[in-house]
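S.K.:
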Amino acid sequence: MSFSPSSSPSSGAGRRIVRKRCTVAILLALAAPHLAAAQQREPPQASAGRAVYAFDIPEQELGAALRAFADAAREQVVFDGAVVRGRTSAALSGRHDPDAAVRLLLRGTGLSARRSAAGVLLIEDPAAQPPPPADDDLSTLEDVVVTGTRLRGVNVAAPVIHLDREDFRNAGQNSLEEVFEHLPQNFAEVTPDGRFANEGGSQLRGLNNSRAVAVDLRGLGAQSTLTLVNGTRRAGSIGGRVFDVSTVPLSVIEGVEVVTGGRSAVYGADAVAGVVNLITRRDFSGAETRLGFGAADAGGERLQFSQIAGIDRERGGFVVAYDYGRDRALDLADAGLLSLHNNPEIDMTQLSLNAQADTWRHSGFASGRFSLTDAVELYADALYTRKKFEDRALRYFLGADEDSYTDARNVNDSYSASAGARIGLGDDWLLDVSAGTSVAENANDTELFIDLGGFAFEDASRSDSRSTLSSFTAVADGPLGAFGGIVPRAAFGVEHRRDGYARTVDGETGFDGDRRVNSAFAEVVLPIVRDGDRPGLRQLEMSLAGRYDEYDDFGGTFNPQAGITWAPSANFTLRGAYSTAFRAPALVELQPSTEAFLELVSDPARPGASVPVLFTQGTGATLQPEEAETWSLGFDYLPPFACWLKTSVSYFEVKYDGRIEQPSVNADRELVLERADRYPGLIVFAPGADLAAAALALDEDGFISNETGTAFDPATQDILEVFPDLVLFDNRLGNVAVETMRALDLGLDGAFDTGIGELSLELNLTYTLDHTRRVTARSPAFDLLNEVGKPADTRARARLGWMRGAYGASLYANYVGDYRNPFSTPPSRMGSWTTVDLSLRYDGSAYGDGALAGVSATLSVKNLLDRDPPRFGDSLMGVLYDAANASPFGRYVSLQLARQW
């Protein structure tokens, strides 16, 4: 895992870029090999203090050998496919520092290696004197695009977290859900069991009937994190609001890049908290079969099978993959995490609630590219996933004749396709034109039967939803020319997008709408100083970006972005960024729909007494887009005494205006009177007849859900006569006034050689300084932090790794800090939670013969010590853990086997 900006793996005509896992320097510019091919250079020498790595690379095609070297040495290597084509590497074995190793690998090839100013290894042919290439030849154009920018060969000033296949294998992870579950910057709220976290959180929890998994950076809400696949948007789940990462199998993922901080100037709406880019496998030759199985002590078995095959040739290649997943149910009652001890009417011998449902998933993936000419490359990718589950919740009420149950059956189909062309325009300019379409369909059947003894009822319903997204994008980027020795690079682009969402309930249309967005954007980077030799000024770079989006329902919005990177020395780099961001209301949020219900709420003025409250909630057409300002400031440091170790520290600040949310969510309603000062203008004590009647009239169906225990018929009775102490609370979705968040991230990443093998260490820690909200302009700020159902302020994941030859081991420690439980009487605290994971790995993929050639195996144990999550005995659903901050699986053992063919 790496915490600094670096290039993402991508493919171009004849170009191969291999990304290292542990970045040693920020990649600011990669000089194209052909520009320096005419200059003779000395081969790199071993650097004093550089880490030493173990190599076992057989003699083979040079391009493949360089990729194996880059993976083993954790280096970035850039080479032109035309230069290495037809050449064979020398064999490389033993322990060497990277510079010495690449020199040995290139013996007899006639090629040499040099390091760029950023420390990247560039492979060149020093003897060649080729004529100047055609300036529209794609092989001469840099093909590195980092998430967070539209420019090739440059970086973003904001921090970037890189995760790749080596990280997945080390941890024994087999799904993107597991990857993001262990990312401290992610708040795992929108998950299959996250719907149990009724206390706090966002409205998305209760709407997640498809059991989607969404990324929620910083706990700012999953709708505030933009998730991309290969840099493009895809149709969303939960009313089209968020992208479900569980529909993308980990077997087709090459890497994940996470950019924290606003990126609306680059990508448009939703990139408030940051951007997550899922990069699929596009360069693959051969075939790989993978089989995995895992289970917890209480069940929850998971079986996974995947097959991937590909061809990588001079003018193109393709990758195809199939992935199958099967999950068995994990019953919280079997795990000892379910109890309704506070409800004597429920017989505990008949209680069942699944944190993981019986689930099946089939996925098919295809990706390809082809160089039509030296100046034109075509590319395309497609992904289809069908995910379905069956789930039953069971309970028994004393005196009833039958069990009460809720049965849910869900089928989720998601498919997407994109295609485009990269066209060399000359003078190192490249035009990238692409179009894509995606659909997310969800069909949900629910059957409900309740037997209370003297009263029983049943119901069945069917809902179908369809979210669509189609887009067209054209981006041209390249150098603007030299100005006083500075060569700025710029990108200019336009984009058209159409979103749609439709929903039917029991065959009747509930919503059907669409939206069109036209956008224009520009970005420029000024490399003021690169590889400078003046003290205190080795490197200085500035970036500016701006984007204008025109919505057919909200009008126009402009968002700027600026960044600066300053390296006073080779070991220390400062970076800062500022941007504005926005999020337009989701289409489904604009549908006017209001309901009212009665509920008893504890009266803080009379301990033990309750007050009837009439809640009104729903959505309306008065919503406006959210707006935000985001700042980040940080540094990367390589200690001279330990150049193998990189330290990254980053500070973030986000200020929201007009955040779209309900004033009080889920079980927080139980505390609205106790916290009445938070909601000025929304709570009305002792309302008059007119106000009470107006609140009742907001309910569209005229049926008032009544949980007070006192009979009330709104058609024949006066609500104030039945409930003379009635309180009104307007809990409708709206633009709350202000929300702010400030946080610090700390990252450590490094590896070094010892007499017993290579040791590596990683640390990813995030500490939220504060996260507050003001519901109205007159209300005080209150915490959205360190409470049940809300993010804890401290989250961390550390790794200690060992590797020797084909064998490796990783030990992980996961930490969640303690926080408040305001739902207990008296209020209490939830203890901190530390778990340990262990992974053992054998990798025979480097061996060319023998029985275990190409075979790899990973045995992983999550929560090795079987630590129970902090007990939460006050949940309305009887769940004995905080589903937003802990896992119910306990000790979980899995084995993954893979074979390369």
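For the sequence shown, the positions run 102 to 1002 when the numbering used here is used. Glycine included, each C-beta is placed from N, C-alpha and C at the ideal position.
(1) When you compare the CB positions of Pro970 and Asp919, do they come within less than 9 Å of one another, or not?
(2) Run through the segment 442-503 for me and flag every whole beta strand (DSSP E) of 3 or more residues, listed as ranges in chain order.
(3) Under a Cβ-count criterion, where at least 16 other Cβ atoms within 10 Å of its own Cβ denotes burial, should Ser806 be classed as buried or exposed?
(4) In this structure, what does DSSP give as the bridge partners for Gln718?
(5) Excluding the five sequence neighbours on either side, which residues of its own chain have a C-beta within less than 6 Å of the C-beta of Trp732, listed in chain order?
(6) Run through DSSP, which three-state label would Phe924 get?
(7) Hey, would you say Leu327 sits closer than 9 Å to Val376, going by beta carbons?
(8) Select from Leu193, Asp607, Thr189 and Thr959 the residue whose C-alpha is nearest the C-alpha of Ala173.
(9) Can you tell me where the beta strand (DSSP E) holding Tyr423 begins and where it ends?
(10) Thinking C-beta only, is Val179 closer than 9 Å to Leu207?
(11) Go through the segment 293-364 residue by residue and report every complete run of the beta strand (DSSP E) that reaches 3 residues or more, in order.
(12) For Gly393, count neighbouring C-beta atoms within 10 Å of its own C-beta (all shown protein chains included) and say buried if the count is 16 or more, exposed if not.
(13) Under 8 Å by Cβ, that's how I've got Leu438 and Leu860 pegged, so tell me the actual separation to the nearest angstrom.
(14) Would Ala663 and Leu638 qualify as a contact pair, given that the criterion is a beta-carbon distance under 9 Å?
(15) Between Leu691, Leu834, Gly677 and Leu849, which has its C-alpha nearest Leu746's C-alpha?
(16) Would DSSP call Val280 helix, strand or coil?
(17) Drop a sphere of 10 angstroms on the beta-carbon of Asp983, count the other beta-carbons inside from all chains shown, and report buried for 16 or more, exposed for fewer.
(18) Does the beta-carbon of Asp650 have 16 or more other beta-carbons within 10 angstroms, so that it is buried, or is it exposed?
(19) Name, in chain order, the residues that DSSP records as bridge partners for Pro628.
(20) Any idea which residues DSSP pairs Gly955 with across the strands?
(21) Given a threshold of 16 other Cβ atoms within 10 Å of its Cβ, counted over all protein chains shown, does Gly608 qualify as buried or as exposed?
(22) Quick check on DSSP: helix, strand or coil for Glu176?
(23) Are three or more beta carbon pairs between the segment 365-373 and the segment 681-690 nearer than 8 Å?
(24) Decide if the segment 779-786 is in contact with the segment 821-839; the criterion is three or more beta carbon pairs, one per stretch, under 8 Å apart.
(25) Contact check, Val962 vs Arg992 under 8 Å by CB: the rounded distance?
(26) Hey, how far is the Cα of Pro989 from the Cα of Ser440?
(27) Going along the chain, which residues of its own chain have a beta-carbon closer than 6 Å to the beta-carbon of Gln818, five neighbours each way excluded?
(28) What distance in whole Å lies between the Cβ atoms of Ser472 and Arg563, which are believed to be in contact at a cut-off of 8 Å?
(29) Can the beta-carbon of Gly525 be found less than 9 Å from the beta-carbon of Arg334?
(30) Spatial neighbours of Ser352 within its chain, please: CB distance less than 7 Å, with the 5 preceding and 5 following residues excluded, ordered by chain position.
(31) Give me the Cα-Cα distance between Gly500 and Arg567, rounded to the nearest whole angstrom.
(32) For Ala561 versus Glu548, is the C-beta spacing smaller than 9 Å?
(33) Where does Pro989 fall in DSSP's three states?
(34) What are the boundary residues of the alpha helix (DSSP H) that includes Ala374?
(35) Return the residue from the list Thr658, Gly187, Gly320 and Glu775 that minimises the CA-CA distance to Phe288.
(36) Roughly how many angstroms lie between the CA atoms of Asn513 and Ala201, to the nearest whole one?
M.R.: In terms of the structure at hand:
(1) Translated into the one-based positions of the sequence shown, residue 970 becomes position 869. Translated into the one-based positions of the sequence shown, residue 919 becomes position 818. Taking 9 Å as the Cβ cut-off, Pro970 and Asp919 do not qualify as a contacting pair.
(2) 447-453, 455-457, 459-474 and 477-498
(3) If you number the sequence shown from 1, residue 806 lands on position 705. Exposed is the call here.
(4) Here residue 718 refers to the residue found at position 617 of the sequence shown. Glu696, per the DSSP bridge assignment.
(5) The count along the sequence shown starts at 1 and reaches residue 732 at position 631. These residues qualify, in order along the chain: Tyr679 and Glu754.
(6) As a working mapping, residue 924 is identified with position 823 in the sequence shown. Phe924 falls in the coil class under three-state DSSP.
(7) Numbered from 1 along the sequence shown, position 226 holds the residue referred to as residue 327. Numbered from 1 along the sequence shown, position 275 holds the residue referred to as residue 376. A contact, by the Cβ cut-off of 9 Å.
(8) Sequence index remark: in the sequence shown, residue 173 carries index 72 (1-based). It is Leu193 whose Cα lies nearest to the Cα of Ala173.
(9) Taking the sequence shown and counting its residues from 1, one reaches residue 423 at position 322. Here the beta strand (DSSP E) through Tyr423 covers Gly417 to Asp428.
(10) As a working mapping, residue 207 is identified with position 106 in the sequence shown. As a working mapping, residue 179 is identified with position 78 in the sequence shown. Their beta carbons are not under 9 Å apart, which means Leu207 does not touch Val179 by this criterion.
(11) 326-330 and 354-361
(12) Here residue 393 corresponds to residue number 292 of the sequence shown, with the count starting at 1. Counting Cβ neighbours within 10 Å, Gly393 comes out buried, since at least 16 surround it.
(13) To locate residue 438, count along the sequence shown from 1; it is residue 337. To locate residue 860, count along the sequence shown from 1; it is residue 759. At roughly 37 Å, the Cβ-Cβ gap does not stay under 8 Å, so Leu438 and Leu860 are not in contact.
(14) Translated into positions along the sequence shown, residue 663 becomes position 562. Translated into positions along the sequence shown, residue 638 becomes position 537. Cβ distance not < 9 Å, so Ala663 and Leu638 don't count as in contact.
(15) Your numbering for residue 746 matches position 645 in the sequence shown. With distances taken between Cα atoms, Leu746 lies closest to Leu849.
(16) To locate residue 280, count along the sequence shown from 1; it is residue 179. In the structure shown, Val280 sits in a helix (DSSP, three-state: H, G or I).
(17) On the sequence shown, residue 983 is found 882 positions in, with the first residue counted as 1. It counts as buried.
(18) Taking the sequence shown and counting its residues from 1, the one referred to as residue 650 is at position 549. Asp650 should be labelled buried.
(19) Mapped onto the sequence shown, residue 628 falls at position 527. Glu642.
(20) Residue mapping note: residue 955 aligns to position 854 of the sequence shown, counting from 1. DSSP lists no partner for Gly955.
(21) On the sequence shown, residue 608 is found 507 positions in, with the first residue counted as 1. Gly608 comes out exposed.
(22) Position 75 of the sequence shown holds residue 176. Of the three classes helix, strand and coil, the one that applies to Glu176 here is coil, per DSSP.
(23) yes
(24) yes
(25) Here the question's residue 962 lines up with position 861 in the sequence shown. Here the question's residue 992 lines up with position 891 in the sequence shown. At roughly 7 Å, the Cβ-Cβ gap stays under 8 Å, so Val962 and Arg992 are in contact.
(26) Counting from one through the sequence shown, the residue named residue 989 turns up at place 888. Counting from one through the sequence shown, the residue named residue 440 turns up at place 339. Cα to Cα, the separation comes out at about 14 Å.
(27) Along the sequence shown, one-based indexing puts residue 818 at 717. Cβ within range, chain order: n/a, list empty.
(28) Residue 563 sits at position 462 when you count from the first residue of the sequence shown. Residue 472 sits at position 371 when you count from the first residue of the sequence shown. Contact flag wrong, Cβ pair sits at about 49 Å.
(29) Here the question's residue 525 lines up with position 424 in the sequence shown. Here the question's residue 334 lines up with position 233 in the sequence shown. No. Outside cutoff.
(30) Here residue 352 refers to the residue found at position 251 of the sequence shown. So the qualifying residues of the chain are Arg391, Ser407, Ile409, Ala422 and Asp424.
(31) Sequence index remark: in the sequence shown, residue 500 carries index 399 (1-based). Sequence index remark: in the sequence shown, residue 567 carries index 466 (1-based). Going by the C-alpha atoms only, they are around 43 Å apart.
(32) Against the sequence shown, residue 561 aligns to sequence position 460. Against the sequence shown, residue 548 aligns to sequence position 447. Yes; because the gap between Cβ atoms is below 9 Å, this pair is in contact.
(33) Taking the sequence shown and counting its residues from 1, one reaches residue 989 at position 888. Note: Pro989 maps to coil in three-state DSSP.
(34) Counting from one through the sequence shown, the residue named residue 374 turns up at place 273. No alpha helix (DSSP H) holds Ala374; DSSP gives it neither H nor E.
(35) Along the sequence shown, one-based indexing puts residue 288 at 187. Among Thr658, Gly187, Gly320 and Glu775, the Cα nearest to that of Phe288 is on Gly320.
(36) Counting from one through the sequence shown, the residue named residue 513 turns up at place 412. Counting from one through the sequence shown, the residue named residue 201 turns up at place 100. C-alpha separation (whole angstroms): 52 Å.
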